[in-house]
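Asks: My questions all concern the structure below.
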Amino acid sequence: MTDYKIHLLICGGTGCKSSESDEIKKSLKYWIDEANLKEEAQVVLTGCFGFCEKGPIVKVLPDNTFYVEVKPSDAEEIVKEHLLKGRPVQRLLYKDPHTNQQISDSKGMDFYKKQMRIALRNCGFINPESIHEYISRDGYMALGKCLTELTPEETIKEVKDSGLRGRGGGGFPTGLKWEITRNSEADQKYVVCNADEGDPGAFMDRSILEGDPHSVIEAMAICGYCIGADKGLVYIRAEYPLAIERLTTALRHAREYGLLGNDILGTGFNFEIDIRLGAGAFVCGEETALIHSMEGLRGEPTFKPPFPSVAGYLGKPTNVNNVETFANIPVIINKGAAWFSEIGTEKSKGTKVFALAGKINNVGLIEVPMGTTLREVIYDIGGGIKDGKEFKSVQTGGPSGGCLTKDFLDTPIDYDNLLAAGSMMGSGGMIVMDEDDCMVSIAKFYLEFTLEESCGKCSPCRIGNKRLHEILEKITKGYGEEKDIERLKLLSNVIKDTSLCGLGQSSPNPVLSTIANFEDEYLAHVQEQRCPSGQCKALLKYEIIEDLCTGCTLCFRNCPVGAITGERRQPHYIDQSLCIKCGACYEKCKFNAIKLS
Amino acid sequence: MTKIKTLADLRKIRDEVQSKIRLRENSDHPEQVVQVKVGMATCGIASGAKETMKYFMDELEQQAIDAVVTQTGCMGYCYAEPTVEITLPGKEPVIFGFVDKEKAEEIIDVYIKRGELIDGVIPLTFRTIDD
Amino acid sequence: MPKIKLAENTIQIIKDICSEFNHSEGELINVLHKVQHTLGYLPAEVQEVIARELKTSVAKVYGVVTFYSFFTMVPKGEFPISICMGTACYVRGAEQVLSEFKRQLKVEVGESTGDGKFSLNCLRCVGACGLAPVVMVGEKVFGRVSPTQVKQIIAEYREGCATEPAKSA
Amino acid sequence: MDTVQLTIDNKPVVVKKGITVLEAATSAGVHIPTLCHMKLDDLNIENKPGGCRICVVEVEGRRNLAPACCTEVAEGMVVNSHSIRVINARQTVLELILSDHPADCLICAKSGNCELQDMAHQLGIREIHYKGEQSTYREDTSPAIIRDVDKCIMCRRCEMMCNEVQTVGVLSAINRGFNAVVSPAFEMNLDHSVCTYCGQCVAVCPTGALTEVDQTAHVVRALSDPDKTVIVQTAPAVRAALGEEFGLEPGTLVTGKMVSALRRLGFDYVFDTDFGADLTIMEEGTEMLNRLSRFLEGDESVKLPILTSCCPAWVKFFEHQFPQLKDIPSTARSPQQMFGSIAKTYFAEKMGVERDNLIVVSIMPCVAKKYECGRDEFKVDGNPDVDYAITTRELANLIKLANISFDRLPNEDFDMPLGESTGAAVIFGTTGGVIEAAVRTAYELYTKKPLPKLDFHELRGMDGIRQATIDFAGFPLKIGIAHGLGNARRLLEKIESGESEFHAIEIMSCPGGCIGGGGQPYHHGNAEILKKRQMALYQEDSNKKIRKSHENPFIIQLYEEFLEKPMSEKAHHLLHTKYFDRT
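Protein chains in written order, with full-length UniProt numbering: chain A, 1 to 597; chain H, 1 to 131; chain U, 1 to 169; chain W, 1 to 583.
Written out as structure tokens, the structure is:
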């Protein structure tokens, strides 16, 4: 076994790669060879350290020295000074911006780790199918603590004090919701876990259920204890077979251990959980629709009040929280409200899980404290934009949210800030877009989603969104007029103002936010019939560059609509009125003689 | 399985499991095992984590390396799936990304057998509730 | 709509499933899931049996079946192809992949090919956003699919090497 | 009583706690427009899905506009029902609805009676700023009801009526989003369903999406055919409602004007379905007494209670839903069919008219009657006993078509012999009326004594299910009454479970009975109209000289000349029917 004494880890994440990681590696290797340290030191490329703004990063093990903004030319000094003489290179160390102190041991600079895992604390650590591993990480201790040491009121107070707000999007204070449900008099109450995660591009809840199902079970039992319910239901998407399987296994184990069922931990508390399958309707994320779906009905929302906490499932008081909200509960009980409320911003406590995706290097599931800026998420954790392209927009809140520009990158993420910026927290989808994305098309994409998912019960959502979509379609096809933009705004505002449920009330947000932030793109579409990012096919123009065309007739033969004319060995010509922009000519031309504008 | 009837029972089980794990992590005993955790959430499986896990199990057994291969949930590095965490005896866990069969072979040959790090290590980028 | 008579044993299967859920009207969605899982789809005749067993109106059952996108009244193809249309996949070109599938298979979304081999559907986020754009054929996931790969994916299933299909990702 | 104080349009209002903003506004004289909402007080019928969003108002402190129909009042609430924000939203929502609605108002069956049209007028819509795809569906024509679903605005009233009130369950919302619409299962036609044609969906539809099959053209053609003798019969409930179509107060009795209008339209004889009703009492009452006396004698093969069978929707309902009970309803045909049968035999013979040349038209408050007269059992060699059944509304259209100034018509009397009727027959048009009429006759036939009083107030009213015990000279006759098929279902279930025991039960499909039938002038959600129609019928009853069916001289004559006696073989053949298991 070769036993290197020293490891040099170089950030080889896609973000850093563009800043010469390979060169640094080569250079370090060269100087290690020169110094005859080949048997002692090893150079390894790693994934992203999540500190891209200071990249490239070189970390030296075992002493945890953390060098930032390293250039290939720094390799010699690192090898000669640090490796040979044991003297870290001071000028490459990270400087604390406040104290101006250099920090050499990265163990003391955890702050660069922008992520903080609370809801995801066990995901990727434990075997989700082993209740033992969950118990080993203090699993079910919170339930035990509540049942033996805390009254329901005290438990609710703890949750209220923690400042936890609903992670499904609305951000309603969880403790308050529990209290209201507790105060509703009834012979039977229910705890419902909303696992009908439907945002396109969001998979936070699924990951939690797949990675740590017991934390949700434990939290539901705690909730049942608090509100006075002995029955829980998990409403989960049928499209999540693995999550269903893991949850089913976890429920079985919990029952076998007596952590569900009658007389839990000998305290006389009974609690049982059943699974209800969703069947592919986004609107069922809305709690009244979800409840109707669990009752075997069409998932149409009903007007609130009455809220489910007063009259919910089968008309009984029902507390509905989403998966991520529940996953926070055991930690809050175990570590205390004070600990939890230290994290985050004034009005948004704790962390938020995001599914970071789109045109970003490190697509992944992340969890950050509230108050982290969008820039930190996109550039440090996400490793920046893919293929070195320009950042254009970040979309949060799914089909209910908005598209934010680079002007908002330094906005600290919390419920209120995102709302003020014209988007919303939503359940945690975060999609990054680059210069190639057409914002009118993006708005249209979200509306297509809403259109398909609208339940059709109320007129503004059923017909209004259809009309919005038709106007956007018209714009992307090149038939838009300037007054259409005003019409979009007017109609959007009425849909928001008059729709029955949250789906309709938020469905125009992608339209409004793209108009607000990217009006010039809309104007280019309607005034010049031009799509600045070249995404709107109908607005593209294929043209033959006369000088490059050899008259080989290949394009002529491949055009499906006969839009191309020309003599053999003479430059050809595309009749724009006939062209259907299929791109066949562009693909076939061997001489790059066809340009796209 | 016996029912956990009291909080004390629960604590006992927790302590037992924890000490078992600690034993595995901290002992200098030469016979202790290598731990391999494969991220087996939907994203991992979609990227081939099942095949990766099977490869580790078969290969480690065939090479008579004392190892425990288990599954775990999403580690969060969707861009680098399948992800595998290897804990060598007495060492910090190390996560590798993009672990297909070839990479797994390299991990076994170079890291598990020789203790040499290889390219593709994913640094931990988050704090946990224990920090 | 032409009426097909269901085989006795099919009716029995449906009845058994309804019994399993205590003939409770509130379990309608669970019943539909299980019946669709068993029979592959939910034709009118099946819905009529379910309505009778759960003592509810067939209009209501139909109303529920047509509300939820998971339920289908037409049988799926031998190889159901699903294109993820989640936002992550969309911004990475899922739409182009979808139109290529439509072009190659000559079907629209929700339809099956004439030979019953393929059916084409869209779904919302498989959750493999790291692999966007994602296409599923049956349970098999294909990641980072480009329109040029579409032909090859179809060909591998069509030629009957379905047991060892194209490499994913 | 707990009250709350709120402000509506700057006006302080004190109202009962728990009511809606809409109700509070109405009580304060503020008329907030509504479209999907409909409430029939006293009948426990309410539709408030909160779906159309026309009734939105601004409530201070709320982020979004609130639908007045489902927002409960709260102390200190400040409501503005006509701010610019509200008006803009309301108009935009209505424009959206109109953008998905065929603009064929000029030729729509509902024109002039359409709530959507009224709303567009009321909100001053002069331009529809939104254009785009419109939903299109296949038209569904059944024997009685036309579904033109393109005109559906998803108010869900019909669905609520069909499921919650009538428990028939033919209609449901299907699909979702823009494609959502109300439809029978598998978008099949109504005639493939268990639809009873009660027509309550038609009665509440705010637009032209649900209308009756219009047969006025057939009637006009028959009237102009010199070879045909065309006679008409009018159901009791028509005379209490027809006036509404000509601007008269609800509850105005227009029997005499109706008769003269029909005569001016060219009917050769103007008769009364009430004659058929008196005949029904003779047959049904006799059948009831027969069963009762056999039961009292201990005959175990006798099934009780006896159920009325005048209502065709009810008949179709139990044929589909309770086939196991098809032996209990009376076998007596409905008054419409008894009339038709007698007209095409006794009367035709008397007048020397060939059956084929005698056309019987009936004016009905009902759309199911269109279906009933087409049933095969009521045809002789393919020729129906009743040729055309048209609704009260269709009659009004005919009168308008014939340039008749209805309000200036003199009062005229029915022709004889089939125009003579009693007070008992008149009250057939309201819930409780058939059984009261039956009691008046059965009592006297059973006890052989004259009734001490004719008005049975214990059988009257608007409660969905009522029961009463009538002292039949020492024998307590237990009577049940249900109107609305949902109430009928509940009553039948009680009987099946043995929870209730009755000797006789009256069932009418429509809430309120025939006065609230699917063919009546639209009530537009005003239950007061139904009550006024009911009052009118009781008024007509008490004005009649003869108030017991068995005292109708022409009925007596009919038995003497033709039928011999109730339940005779001939009566059986002409006046009774059988039922089918339709499951």
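Even for Gly, the Cβ is constructed at its ideal location relative to N, Cα and C.
Tell me whether the segment 305-324 of chain A and the segment 178-196 of chain A touch, counting them as touching only if at least three CB pairs, one residue from each stretch, are closer than 8 Å.
Replies: Yes: the two stretches touch, three or more of their Cβ pairs being nearer than 8 Å.
Asks: Straight-line CA distance for V302/W to G486/W?
Replies: Rounded to whole angstroms, V302/W to G486/W spans 27 Å at the Cα level.
Asks: Starting from the beta carbon of Y62/U, find every residue of chain W whose beta carbon is closer than 9 Å, and list them in chain order.
Replies: Here the neighbours are S172, I174, S183, P184, A185, F186 and E187.
Asks: Within the same chain, show all residues whose beta-carbon is closer than 6 Å to that of R167/A, passing over the 5 residues directly before and after it, in chain order.
Replies: Closer than 6 Å at the Cβ level, and outside the excluded window around R167/A, lie N322, E324 and T325.
Asks: Give me the Cα-Cα distance between K160/A and P399/A, rounded to the nearest whole angstrom.
Replies: Their backbone Cα atoms lie some 29 Å apart in a straight line.
Asks: Just to confirm the assignment: which complete beta strand (DSSP E) runs, minimum length 3, are found wholly within the segment 15-98 of chain A?
Replies: Within the segment 15-98 of chain A, the complete beta strand (DSSP E) runs of at least 3 residues are 41-46, 58-61 and 65-67.
Asks: Could you check where the beta strand (DSSP E) with G429/A kicks off and where it finishes?
Replies: Element bounds for G429/A: G429 to D434.
Asks: For L365/A, write down the residues that DSSP places opposite it in a beta bridge.
Replies: DSSP output for L365/A lists A355/A as bridge partner(s).
Asks: Of all the beta strand (DSSP E) runs that stay within the bounds of the segment 485-512 of chain W, which reach a length of 3 or more residues?
Replies: Listed in chain order, they are 504-508.
Asks: Of the choices E58/W, V439/W and P553/W, whose alpha-carbon is the least far from that of D471/W?
Replies: Per the Cα distances, V439/W.
Asks: By DSSP's criteria, T475/W is part of a beta bridge. Which residues make up the other side?
Replies: As written in the sequence, residue 475/W is Phe, which differs from the Thr given in the question. In the DSSP output, where bridge partners are listed per residue, F475/W has F472/W.
Asks: Are R206/A and Y240/A touching if we call contact CB-CB under 8 Å?
Replies: A contact, by the Cβ cut-off of 8 Å.
Asks: Determine the chain U residues that contact G169/W at a beta-carbon separation under 7 Å, and present them in chain order.
Replies: Near G169/W (Cβ distances below 7 Å), the residues of chain U are S57, A59 and K60.
Asks: Could you tell me whether the segment 102-114 of chain W touches the segment 33-50 of chain W, where touching means 3 or more Cβ pairs closer than 8 Å?
Replies: Taking 8 Å as the limit for Cβ pairs, the verdict is that the segment 33-50 of chain W does not touch the segment 102-114 of chain W.
Asks: Per DSSP, what are the beta-bridge partners of L6/W in this structure?
Replies: DSSP lists V13/W as partners of L6/W.
Asks: When DSSP labels each residue in this structure, what does S499/A get in the three-state scheme?
Replies: It is coil, neither helix nor strand.
Asks: If the cut is a Cβ gap below 9 Å, which residues of chain A does T6/H touch?
Replies: The contacting residues are G144, T148, L265, G266 and T267.
Asks: Give me the residue from V69/H, T2/H, G90/H and A64/H with the minimum Cα distance to G115/H.
Replies: The option with the nearest alpha carbon to G115/H is G90/H.
Asks: Answer yes or no: does any C-beta atom of chain H fall closer than 8 Å to that of M425/A?
Replies: It does not: the Cβ of M425/A has no partner Cβ on chain H nearer than 8 Å.
Asks: Taking the alpha-carbon positions, what's the R158/U to P133/U distance?
Replies: Straight-line Cα distance between these residues: approximately 22 Å.
Asks: Please name the residue, chosen from I273/A, G232/A, P560/A and L265/A, that lies closest to R252/A on a Cα-to-Cα basis.
Replies: The residue with the shortest Cα to Cα distance from R252/A is I273/A.
Asks: By the 10 Å Cβ neighbour count, where 16 or more other Cβ atoms means buried, how is E40/A classified, buried or exposed?
Replies: Flag for E40/A reads exposed.
Asks: Would you decide whether A94/U is buried or exposed? Buried here means 16 or more other CB atoms lie within 10 Å of its CB.
Replies: That one is buried.
Asks: Thinking C-beta only, is T431/W closer than 8 Å to P521/W?
Replies: No.
Asks: Within a Cβ cutoff of 6 Å, which residues of the same chain sit near I502/W, ignoring the five residues on either side of it in sequence?
Replies: Looking at the sequence itself, residue 502/W is Phe, so the reference to Ile does not match. Excluding residues within five positions, the ones whose Cβ falls inside 6 Å are P305, K478 and G480.
Asks: Just the Cα atoms here: how many angstroms apart are E528/W and E249/W?
Replies: Approximately 11 Å between the Cα atoms of the pair.
Asks: Which whole runs of the alpha helix (DSSP H) in the segment 190-270 of chain A are 4 residues long or more, in chain order?
Replies: Listed in chain order, they are 204-211, 213-227 and 241-256.
Asks: Helix, strand or coil for F303/A, going by three-state DSSP, please let me know.
Replies: In the structure shown, F303/A sits in coil (DSSP, three-state: anything other than H, G, I, E or B).
Asks: Hey, does P123/H have any beta-carbon neighbour from chain B nearer than 8 Å?
Replies: Absence of chain B from the displayed structure is noted, the protein chains being A, H, U and W.
Asks: Any idea what DSSP makes of E45/U, helix, strand or coil?
Replies: Three-state DSSP puts E45/U in a helix.
Asks: Determine the direct distance from the alpha carbon of V561/A to that of C579/A, and round the result to whole angstroms.
Replies: Rounded to whole angstroms, C579/A to V561/A spans 7 Å at the Cα level.
Asks: Go ahead and label I381/A buried or exposed: buried means 16 or more other beta carbons lie within 10 angstroms of its beta carbon, across all protein chains shown.
Replies: Result: buried.
Asks: If we cut at 8 Å on Cβ distances, does P200/A have a partner in chain U?
Replies: Closer than 8 Å: yes.
Asks: Kindly list the residues whose CB is nearer than 7 Å to the CB of L84/A, restricted to its own chain and excluding five residues on each side of it in sequence; keep chain order.
Replies: Only A35 meet the Cβ criterion.
Asks: By the criterion of Cβ-Cβ separation under 9 Å, what are the contact partners of F67/U in chain W?
Replies: Going along chain W in sequence order, the residues near F67/U (Cβ under 9 Å) are A173, I174, N175, R176 and A180.
Asks: Would you please verify whether the beta carbon of L451/A is less than 8 Å from any beta carbon of chain W?
Replies: For L451/A, the answer is yes, since a Cβ of chain W falls inside 8 Å of its Cβ.
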